[in-house]
């Protein structure tokens with residue numbers, strides 16, 4: 406085996422090794438060690454991308470149970486792993502500056518990064534489940550340790566939704582192998598031994614339950630606003646939570662190939678649910694006065710778009726969905742951090758504070774630019790994803806594309822209204838002065854924005870990476 410064959414495994418487990426290393430690292434050097442590990446992980450991902458993706462690596466992990474360690478990073482999985490590594494690096498930069506005694510937070514970020522990259526690399530269904538659950542533990546700990554006064558109720562709701570979905574997914578995973586007669590849980594074996602008939606539909610619904618929580622989709626979204634509102638004001642756990650919205654990827658990589666007939670059979674219902682989620686979330690976002698709840702519903706609306714694209718089984722829409730899924734992590738995560746910077750300065754997450762732009766022009770300007778990315782202004786990466794989804798979905802069910810299209814208008818309304826209330830309206834008399842961006846805060850906001858702009862005006866590298874993977878999945882489906 407060559408070193409290149411080991412790169413995916415290195416990218417997966419290097420953050421976990423760094424997380425454990427931080428436990429014995431002196432406080433003086435924790436920030437530097439965490440930043441170095443995160444940068445090295447991102448470097449490993451870029452090396453894989455430069456090499457055109459990795460080959461499938463398979464090792465019989467637990468032979469009596471048919472569980473293999475099968476990993477591969479290429480196409481959509483590589484794009485999502487790269488974005489995860491990049492935003493984890495950004496989160497670590499900000500945590501080192503914002504969090505007092507940041508060691509535990511840095512360790513949890515790196516541990517969660519391992520789970521997330523593992524989700525994208527896994528090519529064994531049981532291995533995917535292991536990483537899926539592994540990423541949950543640091544997310545719960547960040548909320549429990551650093552959350553606000555209502556964190557335990559939010560934690561309980563988040564854990565209950567996730568574990569309920571995970572239990573149904575585990576039953577489906579076991580059923581896929583044993584009903585289909587596959588020798589292992591590896592995707593290469595499972596796809597050659599598909600479950601047929603009504604059993605496929607029931608197993609698909611069980612798998613979909615977990616993915617609907619982690620998209621999320623209405624009505625499995627109720628944990629999301631409280632999760633974000635009760636997390637640490639800095640927005641760092643929210644960045645990692647945004648990266649944990651892996652339901653769209655799970656449906657694309659596992660559900661469509663393993664449940665092709667059920668995917669086609671339930672397509673109209675699921676596309677309708679996705680379109681409703683997008684519009685419903687945008688409508689609710691308009692009424693929010695807490696920045697974190699507003700961003701939570703904005704993210705939910707984005708995930709409705711992603712689901713619409715994936716469930717359509719149309720090549721253009723699915724490519725757009727994966728594109729949007731990857732790059733919304735950049736600007737949504739950066740918006741949470743911008744809100745965290747605002748809260749640090751004024752002590753509030755209320756959208757009605759007024760007049761911030763007159764004192765913190767750089768913070769206001771970058772926040773506005775990130776909102777432009779979020780509402781899919783042309784020239785930003787989000788535009789390519791949303792436009793492709795609507796174009797492809799229109800070819801399948803035009804009226805559902807029209808309903809989802811209304812969301813783009815609603816998004817502009819809630820985003821610009823909240824921005825105006827915070828940054829443009831008159832500053833209340835006697836309010837604290839708002840200092841502008843300093844030091845690493847510039848990098849923390851400009852780097853994600855720069856990537857969103859780069860892939861908004863020059864999308865070819867990302868599209869060329871994703872398109873073959875999408876075509877392979879839909880070709881195996883047998884038509885769309």
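In my numbering, the protein residues as written are 406 to 885. Quick reminder that beta carbons are idealized off the backbone N, C-alpha and C, glycines included. Here the structure is a predicted model, which means the values were calculated and not measured.
Taking just the CA atoms, how far does residue j sit from residue i?
i, j, result
"residue 728", "residue 524", "17 Å"
"residue 795", "residue 730", "15 Å"
"residue 885", "residue 526", "Residue placement at residue 885 is poorly supported in this model, since its pLDDT is 39, which falls under 50; the coordinates are not used for a value here."
"residue 781", "residue 588", "45 Å"
"residue 875", "residue 724", "6 Å"
"residue 436", "residue 668", "46 Å"
"residue 516", "residue 645", "11 Å"
"residue 690", "residue 633", "14 Å"
"residue 814", "residue 806", "13 Å"
"residue 372", "residue 639", "Limits of the chain in this structure are 406 at one end and 885 at the other, which puts residue 372 out of reach."
"residue 659", "residue 446", "25 Å"
"residue 704", "residue 432", "35 Å"
"residue 487", "residue 726", "17 Å"
"residue 654", "residue 509", "29 Å"
"residue 610", "residue 861", "35 Å"
"residue 830", "residue 759", "5 Å"
"residue 750", "residue 600", "56 Å"
"residue 871", "residue 865", "10 Å"
"residue 792", "residue 563", "32 Å"
"residue 458", "residue 479", "4 Å"
"residue 494", "residue 858", "19 Å"
"residue 491", "residue 735", "9 Å"
"residue 852", "residue 607", "44 Å"
"residue 783", "residue 826", "24 Å"
"residue 755", "residue 700", "12 Å"
"residue 847", "residue 502", "12 Å"
"residue 722", "residue 466", "36 Å"
"residue 790", "residue 869", "14 Å"
"residue 771", "residue 746", "12 Å"
"residue 532", "residue 605", "21 Å"
Since I believe residue j is in contact with residue i (beta carbons under 8 Å), could you give me their beta-carbon distance rounded to a whole number of angstroms?
i, j, result
"residue 449", "residue 421", "Actually they do not touch by this definition, with Cβ atoms about 13 Å apart."
"residue 882", "residue 661", "6 Å"
"residue 742", "residue 849", "6 Å"
"residue 854", "residue 739", "6 Å"
"residue 652", "residue 616", "4 Å"
For the alpha helix (DSSP H) holding residue i, just list the boundary residues, first then last.
i, result
"residue 875", "865-882"
"residue 647", "641-648"
"residue 491", "481-503"
"residue 581", "556-585"
"residue 762", "Note, residue 762: premise wrong, no alpha helix (DSSP H); not H, not E."
"residue 734", "720-751"
"residue 697", "696-717"
"residue 638", "Taken as a continuous stretch (DSSP letters only), residue 638 belongs to no alpha helix (DSSP H), as it is neither H nor E."
"residue 594", "592-595"
"residue 524", "508-526"
"residue 788", "786-801"
"residue 376", "Because residue 376 is not part of the residues shown, which for the chain are 406 to 885, the question remains open."
"residue 619", "603-619"
"residue 664", "Taken as a continuous stretch (DSSP letters only), residue 664 belongs to no alpha helix (DSSP H), as it is neither H nor E."
"residue 855", "845-862"
May I ask you to check if the CB of residue i is nearer than 8 Å to at least one heavy atom of the ligand MG?
i, result
"residue 850", "With respect to the ligand MG, the structure shown offers nothing to examine, as it has no ligands at all."
Quick check on residue i: buried or exposed, where buried means 16 or more other Cβ atoms within 10 Å of its Cβ?
i, result
"residue 529", "buried"
"residue 635", "buried"
"residue 803", "exposed"
"residue 776", "buried"
"residue 554", "exposed"
"residue 889", "Lying before the first or after the last residue shown, residue 889 is absent from the chain, which here runs from 406 to 885."
"residue 733", "buried"
"residue 558", "exposed"
"residue 719", "buried"
"residue 583", "exposed"
By the DSSP assignment, the beta strand (DSSP E) with residue i in it spans what residues?
i, result
"residue 472", "472-476"
"residue 466", "462-467"
Checklist entry - Can you find at least 3 beta carbon pairs, one from the region 538-547 and one from the region 470-483, that sit closer than 8 Å? => result no
Item to check | At least 3 beta-carbon pairs within less than 8 Å: the region 705-723 vs the region 668-687 | outcome: yes
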